[in-house]
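Visitor: Mapped onto our numbering, the consecutive letters of the sequence shown carry residue numbers 495 to 664.
Here a beta-carbon is modelled for each residue, glycine too, at the ideal position from N, C-alpha and C.
Have a look at the structure that comes next, please.
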Amino acid sequence: MRATQQNKIKKIWRSHRGIAILEVLIAAFIFAAALLSLLQFQSTLLQNRGLLSQQGEAFQLAQDKMESFRNYTTLTAYNNIASGSSVVNGITATFTITWTVTAYPNTTNSTTAVDFDTRKDVRIVVTWTDAAGVAHTCTSGCTNNNAVVIDSTIASIDPVGVGKISQGLP
495 MRATQQNKIK KIWRSHRGIA ILEVLIAAFI FAAALLSLLQ FQSTLLQNRG
545 LLSQQGEAFQ LAQDKMESFR NYTTLTAYNN IASGSSVVNG ITATFTITWT
595 VTAYPNTTNS TTAVDFDTRK DVRIVVTWTD AAGVAHTCTS GCTNNNAVVI
645 DSTIASIDPV GVGKISQGLP
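What follows is the structure, encoded as C-alpha cells:
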C-alpha cells in the first residue's frame, strides 16, 4: 500500500513540476509592471515639479515688474510708464516679459480731457520655453493659461501729496 501511495505522490509531483517556474515568471512580470508604472509616475512628478518652479519664477518676475511700476516717486516717473519688453535669464528658464500700458485721460470736466492721465491699466505677460521644448506663450487673449499674466491698474497719485495727508495726523 505504501508503494501505491508513493507512486501517486510521484505522479502528482511530476504533473506539477513546471508550475513553480510559471508562478515565478508571473510574479516577476507583475513586479516589473509595478516597477515601470512607479518609474513613470516619478518621471511625471519630476516634470510637473519643474513646470511649477518655472511658473513660480515667472509669476515672481511679473510681480516684481508690477511693483517697479507702482513704486514711482514723482509724477514724472508715473507719466513715463509705457509699454515695453525685456528678456530675463532666470534660474529655471529664459523668460520674456512683455508689458502693455493703456492710459486713460482725466475727464473731470465732461467736455474736455486734461493733458495728464489719472490711471493706467497695465498687463504683464511672462512667456518662456521649458526644458522639454514646450513654449508657454500667450495667444487668443491669453486665455490658454500657458503663460503668466497679471492685470492691474496704477493710479496717478502724487507721492508728495501723500506725505502731506499724514502730516495732519496726531
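(1) Would you list the one or two residues that DSSP bridges to T621?
(2) By alpha-carbon positions, which one of T567, V654 and W593 ends up nearest to D645?
(3) With which residues is V581 paired in a DSSP beta bridge?
(4) In or out: I591 buried (at least 16 other Cβ within 10 Å) or exposed?
(5) Where do the N-terminal and C-terminal ends of the beta strand (DSSP E) with I644 fall, by residue?
(6) Is the CB of L546 under 9 Å away from at least one CB in chain D?
(7) Going by DSSP, what residues sit across from Y596 in a beta bridge?
(8) Just the Cα atoms here: how many angstroms apart are F610 and A625?
(9) When the Cβ atoms of the segment 522-539 are set against those of the segment 615-622, are three or more pairs found closer than 8 Å?
(10) Going by C-alpha to C-alpha distance, which of T568, L569, A587 and V595 sits closest to G578?
(11) Using only alpha-carbon positions, find the residue among A522, T588, R564 and L539 that is nearest to S650.
(12) Considering A522, what are the terminal residues of the alpha helix (DSSP H) in which it resides?
(13) Tell me the residue span of the alpha helix (DSSP H) that contains A571.
(14) Please return the same chain residues whose Cβ sits closer than 7 Å to the Cβ of A641, not counting the five positions on each side in sequence.
Guide: In brief:
(1) Checking the DSSP bridge columns, you'll see T621 partnered with T590.
(2) Selected option, being the one with the closest Cα: W593.
(3) DSSP lists T590 as the beta-bridge partner residues of V581.
(4) Note on I591: 16 or more other CB atoms within 10 angstroms of its CB, so buried under the neighbour-count rule.
(5) Judged by DSSP secondary structure, I644 falls within the beta strand (DSSP E) whose first and last residues are V642 to A649.
(6) Considering every chain present, this structure includes no chain D. It has just one protein chain.
(7) Checking the sequence shown, residue 596 turns out to be Thr, not Tyr. Per DSSP, D615.
(8) A caution first: F610 carries a pLDDT of 48, below 50, which makes its placement in the model unreliable, though a value can still be read off. Taking the straight line joining both Cα atoms gives about 45 Å.
(9) The segment 522-539 is not in contact with the segment 615-622.
(10) When C-alpha distances from G578 are compared across T568, L569, A587 and V595, the shortest belongs to V595.
(11) Closest option to S650, judged by alpha-carbon separation, among A522, T588, R564 and L539: R564.
(12) Element bounds for A522: I513 to R564.
(13) Per DSSP, A571 belongs to the alpha helix (DSSP H) from L569 to N573.
(14) Result list for A641: V619, V620, T621, H630, T631 and C632, in chain order.
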